[in-house]
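*Asks:* Residue numbers (our numbering): 558 to 688.
I'd like to ask you about the structure that follows.
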């Protein structure tokens with residue numbers, strides 16, 4: 558089970574750009590699976606031959622925690638004995654521009670901070686990673 562917000566936006570952008578520039582008949586169909594929100598989870602399952610429940614939770618900033626809770630619920634209900642849970646995000650130009658245009662990014666002045674529990678907080682600092 559994987560939690561993500563918009564980890565595949567770069568893949569979607571590149572696939573769409575190729576279709577727009579070259580025409581849909583010239584797009585490599587092998588690129589499409591990487592454009593779906595469940596691509597990271599699916600690729601891990603394929604690579605390591607993992608069978609069973611495979612899902613992606615995309616709930617925004619809490620997606621990693623939500624996927625952990627989802628897996629725990631399945632274990633408690635007896636639907637799973639164990640679960641591999643991950644959180645993943647990939648930083649891209651498209652993500653940065655999107656968050657910038659929404660006004661979500663923290664400023665760079667001393668008075669502007671990215672401190673979630675501080676009164677002076679004013680935004681987020683984007684990063685990428687997985688856990």
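Note that the Cβ used here is the ideal one computed from N, Cα and C, for glycine as well.
1) Within 8 angstroms, do at least three Cβ pairs link the segment 672-688 to the segment 643-652?
2) Flag this pair as yes or no: are the beta carbons of residue 652 and residue 594 separated by less than 9 angstroms?
3) Output yes or no for whether 9 angstroms exceeds the beta carbon distance between residue 613 and residue 624.
4) Output the distance between the C-alpha atoms of residue 663 and residue 631, rounded to the nearest integer angstrom.
5) Under 7 angstroms Cβ to Cβ from residue 563, same chain only, skipping five residues before and after it: list those, please.
6) DSSP three-state label for residue 643, please.
7) I'd like the list of long-range same chain contacts for residue 608, defined as Cβ closer than 8 angstroms, with 5 residues on each side in sequence excluded.
8) Within its chain, find whatever has a CB closer than 6 angstroms to the CB of residue 620; leave out the 5 residues flanking it on each side and keep chain order.
*Replies:* Reading off the structure:
1) yes
2) Stepping through the chain shown from its first residue, residue 652 is reached at position 95. Stepping through the chain shown from its first residue, residue 594 is reached at position 37. Contact: no.
3) Reading the chain shown from its first residue, position 56 is the one you call residue 613. Reading the chain shown from its first residue, position 67 is the one you call residue 624. Result yes, Cβ atoms of residue 613 and residue 624 sit closer than 9 angstroms.
4) Counted from its first residue, the chain shown places residue 663 at position 106. Counted from its first residue, the chain shown places residue 631 at position 74. Roughly 37 angstroms separates the two Cα atoms.
5) As a first step, residue 563 is located in the chain shown; it is residue number 6 there, counting from the start. Within the same chain, residue 563 has close Cβ partners 652.
6) In the chain shown, counting from the first residue as 1, residue 643 sits at position 86. Three-state DSSP puts residue 643 in a strand.
7) Translated into the one-based positions of the chain shown, residue 608 becomes position 51. For residue 608, where only same-chain residues beyond five positions count, the Cβ hits under 8 angstroms are 602.
8) Here the question's residue 620 lines up with position 63 in the chain shown. Only 560, 561, 562, 614 meet the Cβ criterion.
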